[in-house]
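Below is one structure, written out as structure tokens; comments come after it.
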Amino acid sequence: MRTTLILRDDLVEEARRLTNIREKTALIHQGLEALIEKFARARLRLLGGTERRLRPIPRRKES
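Under numbering that gives the first Met the number 0, think of the first position of the sequence shown as 0, with each following residue one higher.
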């Protein structure tokens, strides 16, 4: 999808500096993915279970 955006230069430069992503499209994609992930985590946290007898769930990767 093509769209025109008006972005604050200081935000773009700060994001580029922090991520080392130079291409604007990639920078926007990364930002949108991070925003979606953040809100998905928040929604999941709100669903928080209350099962007291639940055994710890094994993880595939160590965090």
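Backbone N, C-alpha and C define an ideal beta-carbon position, used for all residues, glycine too.
Computed from a prediction, not measured in an experiment: that's the story for all the values here.
- Sequence-distant partners of L26 (beyond 5 residues in either direction) whose C-beta falls short of 6 Å from its own C-beta, in its chain, are A14 and I20.
- When secondary structure is reduced to three states using DSSP, T49 falls in the coil class, being assigned neither helix nor strand.
- Nearest to L6 by alpha-carbon distance, out of G30, L43, R42 and E36, is G30.
- Runs of the beta strand (DSSP E) lying entirely within the stretch 5 to 52 and spanning at least 3 residues: none are present.
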